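Below: one structure, written as structure tokens.
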Amino acid sequence: MLKPFRRKKLGDILFEMGAITADQMAYALDKQQTNRERFGAICLGDGLISDVALARALAEQFGLEFVDLKGFRPDEAIFAAIPPDTMYRYQFIPLELKGDLLVAAISDPTAVLRLDEMSLILERPLVFKVAAESEIAYHLKRGEGASRVLKEVSEDFMLQLVTETEKGEEVLSVENVSADTSPIIKLVNSTILDALTRRTSDIHIETTQEGVIIKYRIDGVLYKATDPIDAHFQGPLISRLKVMSELDISERRIPQDGRFKVRIGAKSIDFRVSIMPSAFGEDAVIRILDKESIASDLRGLTLETLGMEGHEVKRLRKMIREPYGMVLVTGPTGSGKTTTLYGALTEIHTGEEKIITIEDPVEYVLNGITQIPVNEKKGLTFARGLRSILRHDPDKIMVGEIRDSETAQIAVQSALTGHLVFTTVHANNVFDVIGRFTHMGIDPYNFVACLNCVMAQRLVRKVCPHCKRVVVHSDEQLRESAIEPERTRGVTLYEAVGCEECNGTGYRGRSAIVELLDLNDEIRELIINKAPIAALKKAARQAGTSFLRESAVAKVLAGETTLKEINRVTFVE
Numbered sequence: 000m001l002k003p004f005r006r007k008k009l010g011d012i013l014f015e016m017g018a019i020t021a022d023q024m025a026y027a028l029d030k031q032q033t034n035r036e037r038f039g040a041i042c043l044g045d046g047l048i049s050d051v052a053l054a055r056a057l058a059e060q061f062g063l064e065f066v067d068l069k070g071f072r073p074d075e076a077i078f079a080a081i082p083p084d085t086m087y088r089y090q091f092i093p094l095e096l097k098g099d100l101l102v103a104a105i106s107d108p109t110a111v112l113r114l115d116e117m118s119l120i121l122e123r124p125l126v127f128k129v130a131a132e133s134e135i136a137y138h139l140k141r142g143e144g145a146s147r148v149l150k151e152v153s154e155d156f157m158l159q160l161v162t163e164t165e166k167g168e169e170v171l172s173v174e175n176v177s178a179d180t181s182p183i184i185k186l187v188n189s190t191i192l193d194a195l196t197r198r199t200s201d202i203h204i205e206t207t208q209e210g211v212i213i214k215y216r217i218d219g220v221l222y223k224a225t226d227p228i229d230a231h232f233q234g235p236l237i238s239r240l241k242v243m244s245e246l247d248i249s250e251r252r253i254p255q256d257g258r259f260k261v262r263i264g265a266k267s268i269d270f271r272v273s274i275m276p277s278a279f280g281e282d283a284v285i286r287i288l289d290k291e292s293i294a295s296d297l298r299g300l301t302l303e304t305l306g307m308e309g310h311e312v313k314r315l316r317k318m319i320r321e322p323y324g325m326v327l328v329t330g331p332t333g334s335g336k337t338t339t340l341y342g343a344l345t346e347i348h349t350g351e352e353k354i355i356t357i358e359d360p361v362e363y364v365l366n367g368i369t370q371i372p373v374n375e376k377k378g379l380t381f382a383r384g385l386r387s388i389l390r391h392d393p394d395k396i397m398v399g400e401i402r403d404s405e406t407a408q409i410a411v412q413s414a415l416t417g418h419l420v421f422t423t424v425h426a427n428n429v430f431d432v433i434g435r436f437t438h439m440g441i442d443p444y445n446f447v448a449c450l451n452c453v454m455a456q457r458l459v460r461k462v463c464p465h466c467k468r469v470v471v472h473s474d475e476q477l478r479e480s481a482i483e484p485e486r487t488r489g490v491t492l493y494e495a496v497g498c499e500e501c502n503g504t505g506y507r508g509r510s511a512i513v514e515l516l517d518l519n520d521e522i523r524e525l526i527i528n529k530a531p532i533a534a535l536k537k538a539a540r541q542a543g544t545s546f547l548r549e550s551a552v553a554k555v556l557a558g559e560t561t562l563k564e565i566n567r568v569t570f571v572e
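With numbering that gives the first Met the number 0, the residue at position 546 of the sequence shown is 545, and numbering never jumps.
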């Protein structure tokens, strides 16, 4: 008589592998008796094992081969043969195609019914290998899937469905991108989904003579997402965005601003929408405010992690630890001003002082700090909010942006009356700030008396470490960029190439370059006496200020960025 086949228990396999101890196994077994969860899910959820260890153990338990997907490069021909929504729905990566036989990497060989269903849908025999769930998710997210869905949508407008939750949030997933009945909804949703996988900060929808062009802003630079879409779809596309943002569909002659929220899985993402009439119709810009991604980026945020030079960090630290005065950060939109202020607040927050911020919007929740979102529709402006903040006995205040003379006046008075005020203003450099405040009707004497420092900031893209290439610039090129050739002797310079890791851009991530003006008595005197900018610059340099261009050149010489990139962001004075 044949003995029934018994699989080895997962706990025993993990124990023999050295992935868990006897005590941990006993703990997981006790917990399993209580909540009836699977043993592997308990170990993974409680952080006892990694998903790689679980995948190895499951492969051994089911007699399958384990495959490590780190460094895996997908075969485009195989990916093209599998519908992207099927890969997402069943969470697998196609590895090989041997005739009609497909070799696929899965994370859960226990889901027998699901695997049978997958075989029926693909209409081919399957061979399974086991891989870590996180690695499968990574390759699905950055692989062909989402971008292929978008490409298919823009080419033939296949159909798709969007549902609403009780909270009124849009539910968006790759699984339903291929099943909806509205081509416009499908286009909008797949565009958003693709943008999120590419680390996009803004989606631009531009109407031109050729048609509708969708662009993504990645690391501060615009890239075309698709070929132009027929202009016939421009009206419905903008109308869909207006419906999502609760704007007036019938109004096409004036700009409109709104916002909406999308939930993808367990994650909620906020979007700000701006609609603007143009010569060929209406254009739209969608700003993505992915708070969870921002939170992960800001976790452990310090001034060093922003990429500033070490000596500038020391100077700024001294300024943010002053008991009162104003710390002012300036630069264009998207130059990282708010992130710098978050970094400063995180460093000085000890719990012993009351810190209140007023922002538009609150991009990231800082623990232990009171944060107020501006709501202009309800009458809560920066100025009105700032007045209320002063009645809440704050020690330190952050004002997201100074836009008008009333806010500027209250912020200056706050800094003069014993508060430390952090704020931002739009100006090109540290000296233009003085003119901005003067135009707002602020008395120059009061302004310079309260000002601790002004910091101008820009972001330069960091060259991709996976594909960067050594380059030798001619002496003429270096001199045109205000770099003496002697400074590059013995230094390795790089140029951007482009690879899969950086979406073909040649750059990945950004780093801050700054010029920090520390206001000493001499500089204050020069400002009050309306001295020329040349005199201010000379005094600032003597006081230790390095200007933006110098900070950018230092990044090139350190091999962090390229000459082309710093010439895009800064100019030779």
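A virtual CB, placed ideally from N, CA and C, is assigned to each residue, including glycine. All values reported here derive from a predicted model rather than from experimental measurement.
Just curious, the beta strand (DSSP E) that residue i is in, first and last residue?
i: Arg-457; result: 450-462
i: Ile-396; result: 395-398
i: Lys-97; result: 92-97
i: Thr-637; result: The requested residue 637 does not occur in the structure, where the chain is confined to residues 0 to 572.
i: Thr-575; result: Residue numbering for the chain in the displayed model covers 0 to 572; residue 575 lies beyond these limits and cannot be assessed.
i: Lys-8; result: Taken as a continuous stretch (DSSP letters only), Lys-8 belongs to no beta strand (DSSP E), as it is neither H nor E.
My output table needs one value for residue i: the three-state DSSP class, helix, strand or coil.
i: Met-243; result: helix
i: Glu-116; result: helix
i: Lys-529; result: coil
i: Ile-492; result: One point to set straight first is that residue 492 is Leu, not Ile, in the sequence displayed. Three-state DSSP puts Leu-492 in a strand.
i: Ala-103; result: strand
i: Ile-253; result: coil
i: Thr-225; result: coil
i: Asp-201; result: strand
i: Glu-122; result: coil
i: Val-129; result: strand
i: Val-471; result: coil
i: Val-432; result: helix
i: Phe-65; result: strand
i: Val-220; result: strand
i: Thr-206; result: strand
i: Ile-77; result: helix
i: Pro-82; result: coil
i: Ser-480; result: coil
i: His-348; result: coil
i: Glu-168; result: Unreliable positioning characterises Glu-168 in this predicted model, as indicated by a pLDDT of 49, which lies under 50. The coordinate reading is nonetheless provided below. Note: Glu-168 maps to coil in three-state DSSP.
i: Pro-235; result: helix
Could you tell me the boundaries of the alpha helix (DSSP H) in which residue i lies?
i: Tyr-506; result: Premise fails: Tyr-506 lies in the beta strand (DSSP E), 506-517, not in any alpha helix (DSSP H).
i: Lys-30; result: 21-34
i: Ser-550; result: 547-556
i: Ile-213; result: That residue, Ile-213, is in no alpha helix (DSSP H); its beta strand (DSSP E) goes 211-217.
i: Ile-565; result: 562-568
Quick one: using the 10 Å Cβ neighbour count with 16 as the cut-off for buried, is residue i buried or exposed?
i: Tyr-89; result: buried
i: Gly-39; result: buried
i: Tyr-493; result: buried
i: Ile-191; result: buried
i: Phe-570; result: exposed
i: Arg-320; result: exposed
i: Gln-60; result: buried
i: Val-111; result: exposed
i: Asn-451; result: buried
i: Pro-531; result: exposed
i: Pro-464; result: exposed
i: Arg-478; result: exposed
i: Pro-393; result: buried
i: Val-32; result: The residue asked about is misnamed: residue 32 is Gln in this sequence, not Val. Its Cβ having fewer than 16 others within 10 Å, Gln-32 is exposed.
My understanding is that residue i touches residue j, with C-beta atoms under 8 angstroms, so please give their C-beta distance in whole angstroms.
i: Val-424; j: Glu-400; result: 7 angstroms
i: Lys-260; j: Ile-248; result: Not really, about 19 angstroms apart at Cβ, beyond 8 angstroms.
i: Ile-409; j: Arg-386; result: 6 angstroms
i: Ser-453; j: Val-420; result: For the record, residue 453 in the displayed sequence is Val; it is not Ser. Contact doesn't hold; Cβ gap of about 13 angstroms is too wide.
i: Met-86; j: Leu-139; result: 6 angstroms
i: Leu-101; j: Pro-93; result: 6 angstroms
i: Arg-468; j: Val-568; result: Rounded, the Cβ-Cβ distance is 21 angstroms, inconsistent with contact.
i: Gly-333; j: Ser-550; result: At roughly 18 angstroms, the Cβ-Cβ gap does not stay under 8 angstroms, so Gly-333 and Ser-550 are not in contact.
i: Ala-455; j: Val-513; result: 7 angstroms
i: Leu-114; j: Ala-56; result: Rounded, the Cβ-Cβ distance is 18 angstroms, inconsistent with contact.
i: Phe-127; j: Ile-183; result: No, Phe-127 and Ile-183 are not in contact; Cβ-Cβ is about 38 angstroms, not under 8 angstroms.
i: Ala-495; j: Gly-505; result: 3 angstroms
Quiz item: Can you list the beta strand (DSSP E) stretches of 3 or more residues lying completely in the region 257-338, in chain order?
Solution: Unbroken beta strand (DSSP E) runs of no fewer than 3 residues, entirely contained in the region 257-338, are found at 266-277, 280-288 and 324-329, following chain order.
Exercise. With a floor of 3 residues, list each beta strand (DSSP E) that falls wholly inside the region 360-423, ordered by position along the chain.
Key: For secondary structure counted as the beta strand (DSSP E) over 3 or more consecutive residues, the region 360-423 holds these complete runs in sequence order: 369-372 and 395-398.
Self-check item: Residue ranges of each alpha helix (DSSP H) within the region 38-64, 4 or longer
Solution: Those alpha helix (DSSP H) runs which fall completely within the region 38-64 and span 4+ residues are 38-44 and 50-61.
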